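Protein chains in written order, with the UniProt record's numbering: chain R, 1 to 993; chain Z, 1 to 343.
See structure below.
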Amino acid sequence: EQVRYLQANSRELNSTFGYPNNTIKTSRYSVFNFLPLNLFEQFQRLANAYFLILLFLQLIPQISPLAWYTTVIPLMVVLSITAVKDAIDDVKRHQNDNHVNNRSVLVVMNGRIKEDKWMNIQVGDIIKLKNNQPVTADVLLLSSSEPYGLTYIETAELDGETNLKVKQSISVTSNLEDNLGLLSAFDGKVRCESPNNKLDKFTGILTFKGKNYTLDHDKLLLRGCIIRNTDWCYGLVIYTGPDTKLMQNCEKSTFKRTHMDHLLNVLVLWIFLFLGGMCFILAIGHGIWENKKGYYFQDFLPWEEYVSSSVVSAILTFWSYFIILNTMVPISLYVSVEIIRLGNSCYINWDRKMYYAPKNTPAQARTTTLNEELGQVKYVFSDKTGTLTQNIMIFNKCSINGTIYGRGYDKNGQRVEVSEETEKVDFSYNKLADPKFSFYDNTLVEAMKKGDHWVHLFFLSLSLCHTVMSEEKVEGKLVYQAQSPDEGALVTAARNFGFVFRSRTSETIMVVEMGETKVYQLLAILDFSNVRKRMSVIVRTPEDRVMLFCKGADTILCQLLHPSCRSLRDVTMDHLDDFAFEGLRTLMVAYREVDNAFYQAWSKKHSEACLSLENREDKMSDVYEEMEKDLMLLGATAIEDKLQDGVPETITILNKAKIKIWVLTGDKQETAVNIAYACNIFEEEMDGIFIVEGKNDETVRQELRLARNKMKPESLLESDPVNTYLNTKPQMPFRIPEEVPNGKYGLIINGYSLAYALEGNLELELLRTVCMCKGVICCRMTPLQKAQVVELVKRYKKVVTLAIGDGANDVSMIKAAHIGVGITGQEGMQAMLNSDYAISQFRYLQRLLLVHGRWSYNRMCKFLSYFFYKNFAFTLMHFWYAFFSGFSAQTVYDTWFITFYNLVYTSLPVLSLSLFDQDVNETWSLRFPELYDPGQHNLYFNKKEFVKCLVRGIYSSFVLFFIPMRTIHNSVHSDGKEISDYQSFSLVVQYCT
Amino acid sequence: HQPDNTAFTQQRLPAWQPLLSASIALPLFFCAGLAFIGLGLGLFYSSNGIKELEYDYTGNPGTGNCSACALADQDRAPPLRCSCAWYFSLRELFPGPVYLYYELTNFYQNNRRYSVSRDDTQLSGLPSALRHPANECAPYQRRASGLPIAPCGAIANSLFNDSFSLWHQRQPGGPYVEVPLDRTGIAWWTDCHVKFRNPPLVNGSLALAFQGTAPPPNWPRPVYELSPDPNNTGFINQDFVVWMRTAALPTFRKLYARIRQGNYSTGLPRGAYLVNITYNYPVRAFGGHKLIVFSNISWMGGKNPFLGIAYLVVGSLCILMGFVMLVVYIRYQDQNDEDEDAE
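What follows is the structure, given as structure tokens:
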């Protein structure tokens with residue numbers, strides 16, 4: 001399906017395309033296929049499959065020394081725990097599906113409104129939605145109760161953003177209103193793209209009465225949204241059930257596995273080999289024994305008929321021992337690991353010290369499989385806005401026509417630092433002002449009151465050029481719904497200074513200018529995008545002038561300015577540098593008066609571009625560029641984004657724990673560097689800070705080499721071990737060892753240079769240089785580059801990486817890193833929904849890593865050491881006993897004891913150790929971050945530790961076997977009855993174990 | 001929804017973490033060491049106080065008069081009754097109560113295939129199992145004639161069938177008087193009262209109860225004729241029960257009789273003795289040995305110096321380590337003091 005065709009109110013036609021109905025199915029099993037399917041899935045795990053094979057081996061009576069239940073019972077328990085968990089999850093999904101599918105919705109049918117279930121909705125139906133109802137399917141908005149077919153929706157379920165968004169129908173359909181006759185006669189044909197998962201993209205064409213109308217995502221109500229502030233609306237169903245964008249986004253996320261999992265797999269393989277080796281030794285021993293002794297012992301114990309020689313017997317014994325020694329690879333290992341991780345995740349959820357009261361959000365472990373990696377993190381990749389900072393934007397300063405406003409002055413006119421005592425500007429002249437807004441520079445208000453033309457124009461542009469929605473539930477109390485907090489701050493500022501944005505429709509904007517209400521006709525909105533980095537509006541003023549207002553990033557905007565404002569531009573750029581130095585976020589504001597004729601011509605091109613189905617976006621941006629040129633500079637705004645509480649302290653502590661923190665941000669360099677200083681990523685006493693800003697391969701390489709030359713000159717020599725290592729051209733998954741520089745350095749690289757540095761052979765150069773620095777700032781980054789940087793470190797360094805961020809632009813990096821941490825903040829829930837751990841403040845990161853992470857890691861390591869040790873000690877007894885029982889695969893223990901050893905007898909100590917153990921309490925782990933170090937090098941459980949466990953297990957089993965053996969040898973009870981029989985012996989040994 | 005503030009959820013459960021400082025660890029080591037040494041000495045001396053007298057009557061060539069029987073045993077078709085004797089004399093009283101054991105070496109009762117070759121339900125007297133022995137008993141499950149074997153299995157088939165009698169010569173040159181051997185009470189109480197039961201009598205006769213079964217091939221007589229005593233025959237015959245409790249190690253002793261009657265309740269008085277051995281059981285084929293052992297016991301059971309020695313070794317190690325740590329502690333404590341002084 002390349003393109004989707006459908007016709008409204010024509011079920012016959014639409015059914016020929018075979019679109020699915022609106023049933024959704026998120027469940028995985030049905031009653032009938034649950035058992036086979038679930039078992040099939042479970043046996044795909046290596047360990048489970050191994051035990052199944054073992055079970056089959058045990059069913060062969062010739063080789064089975066153990067009763068079949070020794071494997072079946074643990075296997076059943078393990079399988080049923082998982083199966084029950086899966087079943088409960090699936091029942092919940094079934095209930096949910098049923099509930100959703102059986103919700104009722106109003107459908108327009110033959111001129112009447114009929115109630116039907118959600119699942120019966122078909123593509124091409126026209127449905128009626130009421131206020132506060134969830135949207136049934138992806139529908140094209142036809143008409144609504146609001147003027148111009150406006151409909152307000154909340155998209156919390158889709159992207160987590162709680163602000164209202166507005167959708168608008170095309171005028172030809174909004175004329176249908178709620179006329180049922182017209183609606184059921186509506187036979188528009190829609191040609192649109194096939195289902196996809198892009199929430200903010202939709203292109204299509206509506207053909208109605210021989211005319212074509214373009215459709216974009218502004219006209220589409222997505223399933224999962226909720227209708228707000230709109231009494232009713234009608235929509236044409238475009239995508240149903242599994243085709244809806246909501247369901248298309250419900251793909252399985254990639255499954256992250258920890259280093260420990262990989263290590264475990266390797267160790268299990270080692271154990272297999274060890275097991276095979278032991279079985280081989282014992283089988284040979286058996287062969288020799290049968291040859292030397294068993295053959296002559298046949299008077300009392302004849303060989304089985306199928307055993308023709310001692311060799312055959314030895315082969316059978318090999319498998320018998322394979323079964324007996326299977327407890328070396330404990331079946332409960334994986335289950336126990338899961339339980340421990342689950343428990344430690346619960347601790348994270350329960351921790352009151354990571355609970356953020358103002359927003360009523362506790363920390364949340366969204367995955368339960370990564371806990372111990374939290375104790376091994378070496379690199380933290382952090383977003384800046386909303387992560388290090390609060391993302392609460394405050395309009396702080398502005399530069400209008402070459403004058404800076406917003407610095408604090410005392411009564412004598414001297415400049416002072418703004419503090420709590422500084423007198424705030426009195427906005428009482430403006431009834432519509434936001435009381436929470438504060439500003440400290442009276443000169444701006446005076447200029448405003450004087451009627452300064454530029455100041456007025458500046459604030460007019462701020463009050464017009466945005467996509468903010470206003471709500472006025474009580475007369476005079478405006479509430480703004482802004483998609484980005486920057487915009488909200490700017491519009492609020494304009495409101496307080498007297499240019500109150502009051503309300504908007506799709507074609508007008510109402511502004512109260514110094515108490516005087518004016519209506520501007522909205523001609524076009526030239527959207528913001530990450531590439532364009534600017535947005536514009538074209539309005540027709542009440543004086544019938546066509547004006548374009550534009551705001552955007554300074555780097556982009558200053559190239560579009562009219563040559564006549566060059567001198568103003570230079571002054572403003574100086575101001576912008578000042579602002580950035582103070583860590584403020586800056587935007588440039590400009591305007592253009594457009595000739596009416598030019599606008600008409602442009603408008604035509606614009607609508608043509610709108611109508612095109614292919615490459616619409618490219619065409620649109622071409623058209624936009626035609627309009628956005630020769631702009632007249634108005635000024636610049638500076639918005640303050642305050643640091644979150646405790647960020648510098650947290651970073652200092654994490655640095656002490658030898659965790660390297662890199663800031664990856666889309667902001668400009670000066671802002672990023674400032675924040676870096678403010679939160680201790682860069683320190684004043686650093687030995688040097690390198691800036692990489694080359695515009696081509698060669699300069700970037702030179703800059704990187706120069707930096708490395710200063711940090712560690714010998715690393716450029718041929719004889720350097722890393723160089724020699726790299727020259728040998730190692731096989732692909734190779735690791736670059738840690739290199740130690742001769743001091744503390746910082747490095748700043750911008751996205752432009754990074755694009756070169758990430759290419760080809762420069763990436764190793766980049767990595768080696770960057771990893772030697774104490775703090776790294778990457779600015780002007782695109783979301784993709786953020787992920788690339790994380791991938792780079794992941795690929796060549798044997799370390800655990802953690803990415804933390806709050807916005808949709810951090811999602812790629814959060815998914816790429818070993819651990820993704822989402823901050824539930826201002827910028828919606830995208831990051832949180834894709835994260836493994838969600839916290840609400842950056843400062844909780846120290847607790848997450850240094851306390852929970854460290855404990856989880858320590859516990860997991862202790863658990864694994866103990867678990868392997870106890871199983872070795874347990875199992876190897878059989879090995880020793882073989883030497884005294886003719887290598888006959890005789891077990892030392894009772895079969896029931898073997899069955900329940902891991903499941904019952906030793907599960908409690910193991911679990912309590914791994915859920916309650918605290919080597920040092922939380923106060924000490926936060927006071928001495930150095931304690932985090934062993935985790936980063938994985939010192940507590942690695943192959944060496946495993947071998948130690950093995951040796952300890954061998955030693956213990958040796959002692960545990962031979963002391964009881966010698967003790968019981970020929971020993972008698974005090975009534976003279978001998979107690980050296982097999983049963984007593986196995987009992988004694990069991991107790992010892 | 002703020003998380004609950006409980007000691008469990010906030011990971012504040014009370015815990016006790018011992019701080020092993022020198023002042024705790026050192027006394028602990030010395031105390032443990034001393035306790036172990038004391039226990040070890042007690043065990044060692046009481047084990048040493050136990051007298052044992054053993055004689056290998058396997059009859060390997062040139063080792064006493066059982067050799068003839070052993071040789072005759074080489075080509076054994078039907079077991080012939082061969083007797084031999086062991087003469088010994090006691091210079092002093094062998095304090096009682098005295099126990100008579102037989103010991104077999106190199107006999108793998110713990111071999112897996114051997115030790116599973118039995119049917120516990122049959123031995124518990126269940127009539128249905130009596131005639132349908134478990135498959136584990138193969139190849140001693142059924143006779144070639146198809147008759148089920150009772151008791152089935154390799155263990156029962158290999159029942160030890162040498163017998164001993166003890167004779168005492170009170171005066172030199174005097175007549176040998178038989179010493180009464182108590183052959184009852186040699187098996188575990190639970191074994192011959194719970195685990196092993198005879199099948200219900202048929203018309204008051206045990207023989208009828210076993211009708212339709214055959215004895216194991218090596219047995220010269222059926223199981224219900226193991227002893228004339230009706231309380232000691234069939235599956236609950238004590239020799240049989242003792243044998244059926246398989247040994248854990250290839251060298252093992254089994255109790256044959258207790259000597260506790262008449263003049264011999266306090267022990268074996270000085271004098272010359274003779275053990276008359278009915279030699280039936282073949283062990284030379286697989287290099288095994290048969291021994292006869294007289295032993296008395298103490299509060300800690302039979303003679304076994306190992307445990308005492310083990311305690312002594314561990315105790316001494318504790319004390320040794322204690323001293324080493326004490327030396328280290330004193331040296332480094334001085335150093336610490338100096339460091340503090342230096343500061």
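For each residue, glycine too, the CB sits at the ideal point set by N, CA and C.
Predicted model only: the values in this text are computed from it and were never measured.
Under three-state DSSP, which class holds residue i?
| i | result |
| --- | --- |
| residue 71 of chain R | helix |
| residue 842 of chain R | coil |
| residue 318 of chain Z | helix |
| residue 289 of chain Z | strand |
| residue 958 of chain R | helix |
| residue 15 of chain Z | coil |
| residue 169 of chain Z | strand |
| residue 448 of chain R | helix |
| residue 157 of chain Z | helix |
| residue 857 of chain R | helix |
| residue 994 of chain R | This structure does not reach residue 994 of chain R, given that chain R is present from 1 up to 993, and the question cannot be answered. |
| residue 216 of chain R | coil |
| residue 734 of chain R | coil |
If distances are taken between C-alpha atoms only, which option among the options comes closest to residue i?
| i | options | result |
| --- | --- | --- |
| residue 56 of chain R | R/471, R/68 and R/946 | R/68 |
| residue 324 of chain R | R/655, R/177, R/755 and R/65 | R/65 |
| residue 217 of chain Z | Z/151, Z/200 and Z/274 | Z/151 |
| residue 74 of chain R | R/897, R/944 and R/628 | R/897 |
| residue 179 of chain Z | Z/115, Z/117, Z/275 and Z/286 | Z/275 |
| residue 36 of chain Z | Z/328, Z/330, Z/334 and Z/317 | Z/317 |
| residue 915 of chain R | R/882, R/855, R/948 and R/883 | R/855 |
First and last residue of the beta strand (DSSP E) that includes residue i?
| i | result |
| --- | --- |
| residue 686 of chain R | No beta strand (DSSP E) contains residue 686 of chain R, which DSSP labels as neither H nor E. |
| residue 381 of chain R | 377-382 |
| residue 396 of chain R | 389-400 |
| residue 524 of chain R | 516-526 |
Run the CB neighbour count on residue i, radius 10 Å, all protein chains shown included, and call it buried at 16 or more, exposed below.
| i | result |
| --- | --- |
| residue 246 of chain R | buried |
| residue 31 of chain Z | exposed |
| residue 713 of chain R | exposed |
| residue 170 of chain R | buried |
| residue 49 of chain R | exposed |
| residue 262 of chain R | exposed |
| residue 16 of chain R | exposed |
| residue 487 of chain R | buried |
Residues of chain Z with CB under 8 Å from residue i, in chain order?
| i | result |
| --- | --- |
| residue 301 of chain R | 108, 111, 113, 114, 117, 154 and 158 |
| residue 322 of chain R | Chain Z residues near residue 322 of chain R: none, gap ~14 Å exceeds 8 Å. |
| residue 349 of chain R | 3 |
Which stretch, first to last residue, makes up the alpha helix (DSSP H) that contains residue i?
| i | result |
| --- | --- |
| residue 899 of chain R | 895-900 |
| residue 785 of chain R | 783-796 |
| residue 488 of chain R | 485-497 |
| residue 832 of chain R | 830-833 |
| residue 58 of chain R | 46-58 |
In chain Z, what lies closer than 7 Å to residue i by C-beta?
| i | result |
| --- | --- |
| residue 312 of chain R | The premise fails here: residue 312 of chain R is roughly 14 Å from chain Z at the closest Cβ pair, so nothing lies under 7 Å. |
For residue i, go through chain Z and note every residue whose CB falls closer than 9 Å to its CB, in chain order.
| i | result |
| --- | --- |
| residue 862 of chain R | Residues of chain Z passing the Cβ test: none, with the nearest at roughly 14 Å. |
Please find out if some non-hydrogen atom of the ligand HEM comes closer than 7 Å to the beta-carbon of residue i.
| i | result |
| --- | --- |
| residue 389 of chain R | Summarising the ligand content, the structure contains no ligands, and the ligand HEM is consequently not present. |
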